[in-house]
Amino acid sequence: MRMRVISLMMALLLAPVLTVGAGCATGSDAKPQTYAGAAEQRYMSADEDLEDGNYLEAIRQFNSVRNKFPYSKYAPLSELRIGDAYFAQEKYASAVEQYRNFIQLHPKHPKVSYAHWRVALAFHKLMPENWWLLPPAYERDLARTRDAVREMRLFIKRYPNSEYTDRARKLLAQERRRLADHELYVAKFYLDRDNPRAAAMRLRYLLENYSGLGLDPQALFLLARSYIELGDLQKAKTALGDLIEYHPNTEFAREAQDYLAEYELE
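Reading the sequence shown from the start, the letters are residues -22 to -1, 1 to 244 in mature numbering (1 follows the signal peptide of the UniProt record, and there is no 0).
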């Protein structure tokens, strides 16, 4: 009886040890996670958070990849994706800073063209927008629009064959039209305030730098008006002639014919 009790007590004492030992044996059979595997797992988790809109958690996890796995291929990718997280939150200035840091630190990375594209796109997003309670965007300060034009041109020059280049050209045309609208607005402002010399200067600049964006007929007509007010009828005749020759089917060409007759410029 005493021996049976002792045997039972020994079995109870050894049971946890055997269980732990069995667990260790099972664990030893499983393959340990590699450095690259752990980095990939953390990166994929962060990427899922980004796609789900959990931006703060995504940024936290991407930073964790950078700090804990700095020698993995996922560290620079995490830096890039932090920029995407800022962009998705419409924090475009922060996104630009992040993308530029990526470009500076990894100039030969396969994704560097994407980073340049996102910089240009972020500047495009930073342009002033049209709101019904505010003056039109072209009436306001256009420093950001000029920045957007600069960055979009740089991208197209660097990567003429990129998958993003066609879209970049379309956005560049929009940005340049915004600047052209501004020049036309300023020229009209000067004409309305009896300053035809300043108006002519802005209109010449518009025609020299933003030709082909749809404003040429109106710009030529207003330029002719400016020259008439300045008393330079020969230059007015030239502007009206160009308008009729190159844009014959516009309302401004019809008005140009009336001006030629009225001021005996034919």
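All C-beta atoms in this analysis are idealised placements derived from N, C-alpha and C, irrespective of residue type, glycine included.
Short of 7 Å from the beta carbon of ARG154, and not among the five residues preceding or following it, lie these beta carbons of its own chain, in chain order: VAL127, TYR188, LEU191. Taken through DSSP and simplified to helix, strand or coil, PHE47 comes out as coil. Its Cα nearest to that of ASN227, the residue PRO195 stands out among PRO195, PHE40, GLY61, MET179. Rounded to the nearest angstrom, the Cβ distance from ASP27 to GLU35 is 5 Å, consistent with a contact under 8 Å. At a Cβ-Cβ threshold of 7 Å, TYR21 and TYR52 count as neighbours. For MET105, the three-state secondary structure derived from DSSP is coil.
CA-to-CA, the gap between TYR237 and LEU185 works out to about 20 Å. Here LYS215 is buried. Its C-beta has 16 or more other C-beta atoms within 10 Å.
In this structure HIS84 is not in contact with LEU120, their Cβ atoms being roughly 33 Å apart against a cut-off of 8 Å. Taking a cut-off of 8 Å for Cβ pairs, the region 88 to 97 and the region 134 to 144 touch, as three or more such pairs fall below it. Secondary structure note for ASN79: its alpha helix (DSSP H) is the uninterrupted segment 70 to 83. Residue range 229 to 240 is occupied by the alpha helix (DSSP H) that includes ARG232. Nearest Cα to LEU200 within the set LEU149, LEU211, ALA217: ALA217. A check of alpha carbon separations from PHE101 across ASN79, LYS86, SER72, GLN82 identifies SER72 as the nearest. Excluding the 5 residues flanking it on each side, ILE134 has same chain C-beta neighbours closer than 8 Å at THR143, ALA146, ARG147, LEU150, in chain order. Beta-carbon to beta-carbon, PHE80 and PRO54 are separated by about 7 Å, close enough to satisfy the 8 Å threshold. Collapsing the DSSP output to three states places LYS89 in coil. ASP62 sits buried, since 16 or more C-beta atoms from the chains shown fall within 10 Å of its C-beta. LEU198 is positioned such that its CB atom lies no closer than 7 Å to that of LEU169. Relative to LEU193, the option among ARG175, ASP210, LEU157 whose CA is nearest is LEU157.
It is roughly 14 Å from the alpha-carbon of LEU208 to the alpha-carbon of ALA165.
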